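Peer 1:
In full-length UniProt numbering, the protein residues as written are 1 to 306.
Listed below in structure tokens is the structure:
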């Protein structure tokens with residue numbers, strides 16, 4: 001068995017070297033295919049980062065009445081934190097709210113003057129609530145509608161919740177995120193299918209050159225696996241070499257993108273490539289080997305069935 005495997009591997013290496021330019025043409029096509037897959041991986045990272053950035057900017061703010069007891073606000077905060085939909089909550093006291101208001105309107109003299117004339121703090125405290133997923137804000141808003149949440153004794157402590165003002169934005173973002181993920185998946189699938197077809201036809205050309213050799217091997221009684229094995233090894237060699245070339249190409253490419261487009265993309269592509277290099281290497285290597293071997297397996301069936 002081991003001896004037979006060695007012969008198959010040796011024959012595959014011989015096929016690769018003997019076919020010369022045709023073999024390297026196949027390697028080039030597989031390299032292009034793997035480059036497409038690598039590009040898709042990196043673009044998915046950009047999409048994922050961008051969507052998370054958008055998600056982080058969305059929240060629901062609970063504004064409390066002026067003079068609402070801080071201990072009641074903290075009780076509400078604790079209740080919200082127990083909800084599985086809630087990711088985090090930040091508390092801003094009435095004093096902090098006033099400082100932030102003054103800071104935002106420091107160049108608006110009439111507003112600051114009117115605030116000084118009031119004499120007391122007209123602002124209440126508030127909570128910023130972030131959900132784990134954009135679609136979960138509605139359930140948080142429904143929780144806030146319950147009587148035991150809205151009322152402290154006989155006094156309503158909540159002035160307003162801005163969920164309904166933000167609902168249109170939240171719904172649109174949910175639709176955009178869902179649509180972007182579906183579109184990304186479809187484009188990825190389409191590009192991979194096209195790449196596989198091109199790779200399959202290129203490898204079929206390399207096998208066509210050896211069709212007479214295949215016929216002779218069948219005439220002398222060689223098994224289908226003995227005939228098919230060397231070509232599958234040859235396909236695996238295409239994948240291995242193409243993987244090395246792809247990773248080498250993307251090293252300087254991501255470095256350039258990282259230097260020049262981090263501000264636009266929102267993520268340093270080179271840092272992402274380096275930090276996830278092992279995972280990318282495994283995905284590309286397995287994709288290359290499987291692509292080469294499966295394409296060879298399918299392409300040679302035409303000659304084995306004759």
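C-beta atoms are modelled at their ideal positions from N, C-alpha and C, and glycine is treated no differently.
Only a predicted model underlies this, so the values are computations on that prediction, with no experimental measurement involved.
May I ask you to report which of helix, strand or coil DSSP gives residue 150?
Peer 2: Confidence at residue 150 is low in this model, with a pLDDT of 49, below 50, so its placement is unreliable and no value can be given for it.
Peer 1: By alpha-carbon positions, which one of 196, 19, 81, 128 ends up nearest to residue 59?
Peer 2: Comparing Cα positions, the closest option is 128.
Peer 1: Who are residue 158's beta bridge partners in DSSP?
Peer 2: Residue 158 is bridged to 64.
Peer 1: Can residue 158 and residue 68 be called in contact, C-beta distance under 9 angstroms?
Peer 2: Yes, they are a contact pair.
Peer 1: Relative to the C-alpha of residue 123, which candidate in 93, 21, 111 has its C-alpha closest?
Peer 2: The candidate whose alpha carbon is nearest that of residue 123 is 93.
Peer 1: Take the Cβ of residue 216 as the centre, count every other Cβ of all protein chains shown within 10 Å, and call the residue buried at 16 or more, exposed below.
Peer 2: Exposed, because fewer than 16 other Cβ atoms sit within 10 Å of the Cβ of residue 216.
Peer 1: In whole angstroms, what is the alpha-carbon distance linking residue 225 and residue 21?
Peer 2: For residue 225 and residue 21, the distance between alpha carbons rounds to 26 angstroms.
Peer 1: Restricting to Cα atoms, I'd like to know which of 198, 23, 168, 146 is closest to residue 209.
Peer 2: Closest option to residue 209, Cα to Cα, is 23.
Peer 1: Should the region 280-290 be called in touch with the region 174-185, which here means at least 3 C-beta pairs below 8 angstroms?
Peer 2: Short answer: they don't touch.
Peer 1: Could you tell me whether the region 236-249 touches the region 286-306, where touching means 3 or more Cβ pairs closer than 8 angstroms?
Peer 2: Judged by Cβ distances under 8 angstroms, the region 236-249 makes contact with the region 286-306, as three or more pairs qualify.
Peer 1: What does a CB cutoff of less than 8 angstroms around residue 140 pick up in its chain, not counting 5 residues either side in sequence?
Peer 2: Same-chain partners within the cutoff: 60, 80, 83, 85, 86, 129, 131, 163.
Peer 1: Determine whether the beta carbon atoms of residue 249 and residue 35 lie at a separation below 9 angstroms.
Peer 2: Cβ atoms of residue 249 and residue 35: closer than 9 angstroms.
Peer 1: How is the beta strand (DSSP E) around residue 23 delimited, first residue to last?
Peer 2: No beta strand (DSSP E) holds residue 23; the alpha helix (DSSP H) holding it covers 21-57.
Peer 1: Hey, does residue 208 have any beta-carbon neighbour from chain B nearer than 9 angstroms?
Peer 2: Reference to chain B is not applicable here, since this structure consists of a single protein chain.
Peer 1: On the three-state DSSP scale, how would you describe residue 127?
Peer 2: Looking at residue 127 - three-state DSSP - the assignment turns out to be strand.
Peer 1: Please report the residue range of the alpha helix (DSSP H) in which residue 140 lies.
Peer 2: Residue 140 -> alpha helix (DSSP H) spans 137-144.
Peer 1: Would residue 52 be called buried (16 or more neighbouring beta carbons within 10 Å of its own) or exposed?
Peer 2: The residue in question, residue 52, is exposed, as its Cβ has fewer than 16 Cβ neighbours within 10 Å.
Peer 1: Beta-carbon separation of residue 234 and residue 296 under 9 angstroms?
Peer 2: Taking 9 angstroms as the Cβ cut-off, residue 234 and residue 296 qualify as a contacting pair.
Peer 1: Measure from the alpha carbon of residue 256 to the alpha carbon of each residue in 269, 231, 227, then state which is nearest.
Peer 2: Here the closest residue by C-alpha is 269.
Peer 1: Quick one, which of 99, 262, 203, 91 has its alpha-carbon nearest residue 28's?
Peer 2: Per the Cα distances, 203.
Peer 1: Give a yes or no on whether the C-beta atoms belonging to residue 160 and residue 63 are separated by under 9 angstroms.
Peer 2: Yes.
Peer 1: With distances taken from CA atoms, which of 212, 264, 294 is nearest residue 229?
Peer 2: With distances taken between Cα atoms, residue 229 lies closest to 294.
Peer 1: From what residue to what residue does the alpha helix (DSSP H) around residue 313 run?
Peer 2: The requested residue 313 is not part of the displayed model; the chain covers only 1 to 306.
Peer 1: Excluding the 5 residues preceding and the 5 following residue 55 in the sequence, name in chain order all residues of the same chain whose CB lies nearer than 7 angstroms to its CB.
Peer 2: Result list for residue 55: 134, in chain order.
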